[in-house]
Ligand SMILES: CC(C)(COP(=O)(O)OP(=O)(O)OC[C@H]1O[C@@H](n2cnc3c(N)ncnc32)[C@H](O)[C@@H]1OP(=O)(O)O)[C@@H](O)C(=O)NCCC(=O)NCCS
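Numbering (my numbering), first residue to last: 88 to 376.
Structure representation (structure tokens):
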């Protein structure tokens, strides 16, 4: 039997049952398996993949829609991966073209690009609109405690959280925000006079706690939220901070976090991301915005 051409292999939808195969693909590329995150992305988002003739997945990516389910306002693309042994043979281009054709004709797209992925996305029409710095490390409290009080979120906060998040993100993320209480180990809010002024989630990823989303009305509130989750974990933190938030980046580095990677924030079909970047400090994950 002859081996089918890569270009003839069908692209199919991934489901939660593909979780291990997705994690294997990550490992193949030297990425962590991140099964907890894949679990979220494959249920809240839409996975696309190509089966390898010799078993497992040859390529994968995930698309998360935001806004109205009938007519989404924004789609975030992430976890674009092609198995090493099939790299540089046009598979990534084919998978991305498929996703852009299926979603990008009606809906603006966004993604965080690694230096590897960026040339391909540029070729497809994505434009760089910003960048983020991935920080990692043990957080050490320094100086007086932040003046802004925080507390764990409760079920009663969820509707306000969704509203607060929508103002900062620019589109509705109800289906993601309502998953945060189960997905995260910590979900905390800051409030003033009974109104939410910020929130943060910290979720387990391999040996770290990822801090995100981190959404706050100002930098002092963002700092208080990070300090409050750091005080409740022994794990190193990981987070992706928009580089325009220089003050927060400096503050985190003074407290033990170090820059480990940088990603370009790209859009397709819109010149800028919607919402208010000044209140958006860190995404839930670079794979879903
Ligand atoms: C990025 C990735 C998905 C590309 O998939 P691929 O199937 O190897 O890419 P293609 O063969 O379709 O190449 C498309 C174009 O992308 C660019 N490209 C792909 N790999 C590249 C590399 N290692 N260095 C520089 N450019 C690269 C080139 O412009 C290439 O076009 P060309 O081969 O005609 O010059 C794949 O390399 C990968 O899985 N990398 C590791 C994970 C990763 O970084 N994913 C991106 C997340 S944003």
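C-beta atoms are modelled at their ideal positions from N, C-alpha and C, and glycine is treated no differently.
Environment of residue i [buried if 16+ CB atoms lie within 10 Å]
i           : result
residue 195 : buried
residue 142 : exposed
residue 370 : buried
residue 203 : exposed
residue 300 : buried
residue 99  : exposed
residue 157 : exposed
residue 315 : buried
residue 165 : buried
residue 229 : exposed
residue 287 : buried
residue 336 : buried
residue 310 : buried
residue 235 : buried
residue 267 : buried
residue 121 : buried
residue 297 : buried
residue 179 : buried
residue 146 : buried
residue 285 : buried
residue 102 : exposed
residue 104 : exposed
residue 177 : exposed
Identity of the residues DSSP links to residue i by a beta bridge
i           : result
residue 198 : 164, 353
residue 135 : 100, 148
residue 215 : 353
residue 448 : Residue 448 falls outside the range modelled here, since the chain spans only 88 to 376, and no answer is possible.
residue 237 : 277
residue 159 : 154
residue 169 : 146
residue 174 : Beta-bridge pairing links residue 174 to no other residue.
residue 46  : In this structure the chain extends from 88 to 376, so residue 46 is not present and cannot be described.
residue 224 : 324
residue 345 : 223
Note to self: If contact is defined by three or more beta carbon pairs under 8 Å, each pair taking one atom from either stretch, is the stretch 248 to 256 in contact with the stretch 347 to 359?
What the structure shows: With a cut-off of 8 Å, the stretch 248 to 256 and the stretch 347 to 359 do not count as touching, because too few Cβ pairs lie within range.
Margin query: Could you tell me which whole beta strand (DSSP E) segments of length 3 or greater appear in the stretch 240 to 326?
Written below: With a minimum length of 3 residues, the unbroken runs of beta strand (DSSP E) contained wholly in the stretch 240 to 326 fall at 273 to 279, 282 to 292, 295 to 303.
Notebook entry, point to check: Using 8 Å as the threshold, is the stretch 169 to 179 in touch with the stretch 108 to 122, meaning 3 or more CB pairs across them?
Noted result: With a cut-off of 8 Å, the stretch 108 to 122 and the stretch 169 to 179 count as touching, because enough Cβ pairs lie within range.
Next item on the list: Determine contact between the stretch 233 to 242 and the stretch 252 to 264, defined as no fewer than three beta-carbon pairs at a distance below 8 Å.
Entry: No: the two stretches stay apart, fewer than three of their Cβ pairs being nearer than 8 Å.
Next item on the list: Measuring from each Cβ to the nearest heavy atom of ligand 1, keep the ones under 5 Å and list them in chain order.
Entry: With 5 Å as the limit, the residues whose C-beta approaches a heavy atom of ligand 1 more closely than that are 116, 167, 168, 169, 174, 175, 177, 178, 179, 180, 200, 201, 203, 204, 206, 207, in chain order.
Check: Contact between the stretch 333 to 345 and the stretch 125 to 138: three or more CB pairs below 8 Å?
Finding: In this structure the stretch 333 to 345 does not touch the stretch 125 to 138; the number of beta carbon pairs closer than 8 Å is below three.
Next item on the list: Count the CB pairs spanning the stretch 178 to 190 and the stretch 223 to 231 that are closer than 8 Å, and state whether there are at least three.
Entry: No: the two stretches stay apart, fewer than three of their Cβ pairs being nearer than 8 Å.
Notebook entry, point to check: Below 8 Å, can you find three or more Cβ-Cβ pairs linking the stretch 200 to 216 to the stretch 290 to 300?
Noted result: Using a Cβ-Cβ distance cut-off of 8 Å, the stretch 200 to 216 and the stretch 290 to 300 are not in contact, since fewer than three pairs of beta carbons, one from each stretch, lie closer than that value.
Notebook entry, point to check: Does the stretch 323 to 342 come close enough to the stretch 353 to 373 that 3 or more CB-CB pairs lie under 8 Å?
Noted result: The answer is yes - the stretch 323 to 342 touches the stretch 353 to 373, with three or more Cβ pairs under 8 Å.
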